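Colleague: Residue numbers (numbering that gives the first Met the number 0), protein chains in the order written: chain A, 0 to 403; chain B, 0 to 403.
Cβ coordinates follow ideal geometry from the N, Cα and C atoms, glycine included.
Since the structure is predicted, the reported quantities are computational estimates derived from the model, not experimental observations.
I have a structure I would like to understand better, so I am pasting it below and will then ask my questions one at a time.
There are 2 protein chains.
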Amino acid sequence: MANLDLMRRLTLSEGGKIILLVLDGLGGLPLEVDGPTELEAATTPNLDRLAREGSTGLTIPIARGIEPGSGPAHLALFGYDPLVYDIGRGALEAAGIGLNVGPGDVAARGNFCTIDEHGLITDRRAGRIPTEKGAEAVRSLCEIIVPEVQIDVQEVKEHRFALVLRGEGLDSRVSETDPLGTQLAPLPVRPEVDEAKRTADLLNQWIAQAREKLKAHHPANMVTLRGFATDPNLPKFQDVYKLNPACVAVYPMYKGVSRLVGMDIIETGAHDTPLDEFNRVADAWPSYDFVFCHIKATDSRGEDGNFDSKVAVIEEVDAALPALLDLNPSVVVVTGDHSTPAKMKQHSFHPVPILIWAPETHRRDEVAGFGERECTKGGLGQFPATDVMPLALAHAKRLSRYGA
Amino acid sequence: MANLDLMRRLTLSEGGKIILLVLDGLGGLPLEVDGPTELEAATTPNLDRLAREGSTGLTIPIARGIEPGSGPAHLALFGYDPLVYDIGRGALEAAGIGLNVGPGDVAARGNFCTIDEHGLITDRRAGRIPTEKGAEAVRSLCEIIVPEVQIDVQEVKEHRFALVLRGEGLDSRVSETDPLGTQLAPLPVRPEVDEAKRTADLLNQWIAQAREKLKAHHPANMVTLRGFATDPNLPKFQDVYKLNPACVAVYPMYKGVSRLVGMDIIETGAHDTPLDEFNRVADAWPSYDFVFCHIKATDSRGEDGNFDSKVAVIEEVDAALPALLDLNPSVVVVTGDHSTPAKMKQHSFHPVPILIWAPETHRRDEVAGFGERECTKGGLGQFPATDVMPLALAHAKRLSRYGA
């Protein structure tokens with residue numbers, strides 16, 4: 000039986016309260032063959048205590064050897080098999096900024112770019128214009144009219160925006176327009192199946208008008224569209240887990256995937272520190288029995304290749320942790336969605352350290368602190384990330400017995 | 000999504016080069032309760048260094064508790080779920096000696112045996128006649144004509160040959176003829192389904208003629224047929240993994256399974272030592288990005304029940320290992336296809352030690368050397384052998400990200 004069906008059958012509407020703290024890209028690698036990983040190098044007295052008192056292990060986000068994208072990696076942590084729920088980034092991005100993607104709608108991620116007088120791209124990100132400039136350009140795009148469909152456009156951040164096409168007979172199986180290089184022209188949208196011909200045609204009409212409207216917005220004088228997707232229609236936390244869930248995250252994508260599974264999105268500030276985010280968790284705590292809290296900076300510093308900065312972010316999270324623990328949650332899960340070793344400057348396939356702290360129900364292991372090598376010895380072993388939710392619910396005493 | 004579908008979707012055509020070194024039947028058992036296994040008893044400074052520097056674990060070839068045959072165990076290492084790709088030994092044997100098994104063909108493994116004047120088997124292997132004698136007997140079998148089908152016969156080794164039946168409407172679901180004992184007559188071929196009646200009839204006609212033809216070839220005066228199989232039509236490494244693969248193996252069966260997955264078969268000598276085989280890998284290395292190298296003697300000495308000889312083979316492999324490492328592969332995987340403990344004198348179900356050495360991407364564990372007990376502490380944990388290829392490809396940076 001698929002995980003979610005089993006959960007739907009066994010979950011109770013009462014039980015303990017759960018915090019799922021995700022340090023994005025937490026897993027790391029040593030820089031030198033004998034050296035520590037970022038997490039091992041960080042001084043983390045609070046996380047070490049939780050690891051000692053709780054159970055630890057390593058999660059496999061998608062499958063062994065597979066480097067996860069952020070969307071599927073979070074779906075896995077939420078208990079949704081990402082190989083089954085294969086969701087386009089367009090839907091995640093749109094959901095992240097609060098743009099509704101309904102059944103039959105087609106969503107896409109948009110980038111402003113710069114083209115020269117020959118129509119060739121000179122900058123795929125339009126010089127990373129400030130968000131305000133992006134919002135101005137988006138206002139021009141909102142004036143575009145294409146027959147028979149409604150097109151919603153909304154700025155995301157800097158040169159990025161989201162687009163949702165609404166109408167009859169739309170199909171998201173169309174090709175992307177980003178040529179993935181400069182000195183190349185944006186590609187036309189092409190249907191990947193016959194049913195998507197009309198959608199491709201409508202999008203090309205919109206793009207042609209966009210080019211005219213954006214002439215005044217140099218360097219944001221053209222667009223590319225990627226990640227076409229339709230409503231993923233995901234099962235909701237309320238239904239599957241009988242939880243009343245909330246999300247505290249700064250970045251749109253993470254809010255998006257949380258909204259798609261039914262979480263309330265708590266308002267955050269663009270420059271929230273980990274402590275700011277934990278204080279927002281504390282404010283929301285009385286109203287929810289599950290809070291997902293997402294820390295982005297671990298991943299960003301990993302992608303920058305900055306080992307020491309990633310260590311510093313982990314230490315900052317550790318120092319702020321009492322703000323969460325003071326809420327007396329029944330269960331605290333601390334993990335990452337995937338690894339982002341500074342050494343590799345990108346997401347990687349390596350398993351991710353996890354600790355589950357639940358004073359009433361956990362079985363201790365012999366792990367001395369929170370780190371990759373310690374977690375290898377942990378009582379949870381190595382397991383698919385889709386099992387994190389069942390374990391958290393079990394520790395929260397929110398699952399009934401299977402069979403008599 | 001099945002492993003191979005996911006691989007087909009994510010594999011890149013560029014990346015590092017991989018060596019998969021399989022010591023057949025590598026896993027072992029201690030003779031005394033407190034003693035070492037064969038691998039633990041062997042002095043293996045090179046393997047120990049790779050294990051220390053790399054990641055280790057234990058693979059489960061088929062499923063927990065299942066004793067693997069060599070064919071399915073290798074398919075698993077190549078990433079093909081052996082419970083899905085359930086291939087008859089006849090097809091493997093035929094492919095191993097270069098006999099093509101096409102769609103609709105039926106292949107079988109043949110044994111010469113000795114029968115007495117009453118038709119009862121006195122030696123199931125015809126005194127293990129030398130290969131030249133087997134070839135002589137095969138030449139007689141090639142003269143047999145059965146209506147409407149073409150029958151190719153080719154010697155394998157000693158008393159063993161392979162047979163392929165080609166024609167319309169054939170079906171491999173027929174019973175074997177080896178009674179698995181002496182003082183018993185060979186069994187007739189029986190159809191296991193109605194559709195296979197004609198095939199059984201044709202094979203029985205062929206066997207009756209074979210008996211006549213072989214009267215002059217005592218002790219090889221009769222045949223038994225086993226492992227009826229049709230073309231398994233396996234996905235190929237080139238398609239699934241975008242690899243250009245080669246196989247260095249001495250025994251036909253291993254060449255056969257390698258050919259079935261698309262590998263080029265490098266010529267070897269019947270008496271190649273491990274170092275000889277490694278030198279053949281080195282010669283082939285510039286032309287390939289994946290080389291599978293198979294060492295048979297570990298398994299043979301295990302089946303002989305000769306603990307010390309198996310130890311000696313492992314030490315010989317270790318001593319020759321620099322010939323492989325000098326090629327500067329991006330990834331080296333050393334493992335077995337299954338366990339063959341000398342104590343048991345047969346294949347066994349026990350998990351198999353594995354090390355993956357990939358200096359740029361592996362995460363160290365606390366393992367001090369290559370052996371069953373050390374691997375139990377390894378960072379890879381215990382995992383299905385079908386995950387070896389995804390891990391190797393990931394370390395070789397030949398997989399793209401799953402999802403955005």
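Check whether the segment 2 to 13 of chain B and the segment 272 to 281 of chain B are in contact - that is, three or more C-beta pairs closer than 8 Å.
Modeller: no
Colleague: Considering just the uninterrupted stretch of the alpha helix (DSSP H) at I206(A), what are its terminal residues?
Modeller: K196 to K212
Colleague: Output needed for L224(A): all residues of its chain with C-beta closer than 6 Å, excluding positions within five of it in sequence on either side, in chain order.
Modeller: Here the set comprises A107, G109 and T176.
Colleague: Can the beta-carbon of E371(B) be found less than 8 Å from the beta-carbon of L38(B)?
Modeller: yes
Colleague: So T42(A) and E373(A) are in contact, right, with Cβ under 8 Å, and what is the actual spacing, rounded?
Modeller: Actually they do not touch by this definition, with Cβ atoms about 15 Å apart.
Colleague: Check whether chain B comes within 8 Å of E371(A), counting only Cβ atoms and requiring the distance to be less than that.
Modeller: For E371(A), the answer is yes, since a Cβ of chain B falls inside 8 Å of its Cβ.
Colleague: What does E365(B) touch in chain A if you count any residue whose Cβ is under 7 Å from its own?
Modeller: R372
Colleague: So Q381(A) and I59(A) are in contact, right, with Cβ under 8 Å, and what is the actual spacing, rounded?
Modeller: 6 Å
Colleague: From R138(A), F289(A) and H293(A), pick the residue whose C-alpha is nearest to that of P268(A); which is it?
Modeller: For clarity, residue 268(A) is Gly in the given sequence; the question names Pro instead. Measuring from the Cα of G268(A), the nearest candidate turns out to be H293(A).
Colleague: So if I threshold CB-CB distances at 7 Å, which residues from the segment 37 to 68 of chain B count as touching chain A?
Modeller: Along the segment 37 to 68 of chain B, going in chain order, the ones with a CB nearer than 7 Å to a CB of chain A are E52.
Colleague: DSSP three-state call for G27(B): helix, strand or coil?
Modeller: coil
Colleague: Please report the residue range of the alpha helix (DSSP H) in which C141(A) lies.
Modeller: Neither: C141(A) is in no alpha helix (DSSP H) and is coded neither H nor E.
Colleague: Within the same chain, show all residues whose beta-carbon is closer than 6 Å to that of V21(B), passing over the 5 residues directly before and after it, in chain order.
Modeller: H293 and D336
Colleague: What did DSSP end up calling M252(A) once you bin it into helix, strand or coil?
Modeller: helix
Colleague: Starting from M388(A), follow the alpha helix (DSSP H) in both directions and report where the run begins and ends.
Modeller: V387 to H394
Colleague: Using three-state DSSP, classify Q153(A) as helix, strand or coil.
Modeller: In this structure, Q153(A) counts as strand in the three-state DSSP scheme.
Colleague: Identify which residue in N305(A), T360(A) and G180(A) has its Cα closest to the Cα of K344(A).
Modeller: N305(A)
Colleague: Looking at the secondary structure, which residues open and close the beta strand (DSSP E) in which F227(A) lies?
Modeller: F227(A) -> beta strand (DSSP E) spans M221 to T229.
Colleague: Apart from the five residues on each side of it in sequence, which residues of its chain come closer than 6 Å, Cβ to Cβ, to F289(B)?
Modeller: Taking F289(B) as the centre and dropping the five residues before and after it, the same chain places the C-beta of I17, L242 and P244 closer than 6 Å to its C-beta, in chain order.
Colleague: Where does the unbroken alpha helix (DSSP H) through I313(A) begin, and where does it stop?
Modeller: F306 to A319
Colleague: Quick check on N327(B): buried or exposed, where buried means 16 or more other Cβ atoms within 10 Å of its Cβ?
Modeller: exposed
Colleague: Quick check on the burial criterion: 16 or more other C-beta atoms within 10 angstroms. Buried or exposed for P35(A)?
Modeller: Label assigned to P35(A): buried.
Colleague: If distances are taken between C-alpha atoms only, which option among L74(B), G68(B) and G56(B) comes closest to G261(B)?
Modeller: Ranked by Cα distance from G261(B), the options L74(B), G68(B) and G56(B) are led by L74(B).
Colleague: Determine, for L22(A), whether the minimum Cβ-Cβ distance to residues of chain B falls below 8 Å.
Modeller: Look at L22(A): its C-beta is not under 8 Å from any C-beta on chain B.
Colleague: With respect to the alpha helix (DSSP H) encompassing Q237(B), which residues constitute its N-terminal and C-terminal limits?
Modeller: F236 to V239
Colleague: Can you name the residues of chain A whose CB is closer than 9 Å to the CB of L392(B)?
Modeller: G64
Colleague: Kindly indicate the opening and closing residues of the alpha helix (DSSP H) around D4(A).
Modeller: N2 to L9
Colleague: 8 Å is my cut-off, CB to CB: does F382(B) come that close to chain A?
Modeller: yes
Colleague: Give me the chain A residues within the contact set of L76(B), using Cβ-Cβ distance strictly less than 7 Å, ordered along the chain.
Modeller: None at all; the shortest Cβ gap to chain A is about 14 Å.
Colleague: So with Cβ pairs under 8 Å, would you call L398(B) a contact of chain A?
Modeller: yes
Colleague: What are the boundary residues of the beta strand (DSSP E) that H217(A) is part of?
Modeller: That residue, H217(A), is in no beta strand (DSSP E); it is neither H nor E in DSSP.
Colleague: Report yes or no: is there a C-beta of chain A within less than 8 Å of the C-beta of V9(B)?
Modeller: The sequence as given places Leu at residue 9(B); Val does not occur at that position. Yes, contact with chain A.
Colleague: How big is the Cα-Cα spacing for M0(B) and R63(B)?
Modeller: With a pLDDT of only 48 at M0(B), under the threshold of 50, the placement of this residue in the model should not be trusted, and no figure is reported.
Colleague: Given that D386(B) touches chain A, what residues does it touch there, using C-beta distances under 7 Å?
Modeller: R63 and G64
Colleague: Tell me whether the beta-carbon of F369(B) lies closer than 8 Å to the beta-carbon of A50(B).
Modeller: yes
Colleague: T375(A) touches chain B at which residues, Cβ-Cβ below 7 Å?
Modeller: Result: D364 and G378.
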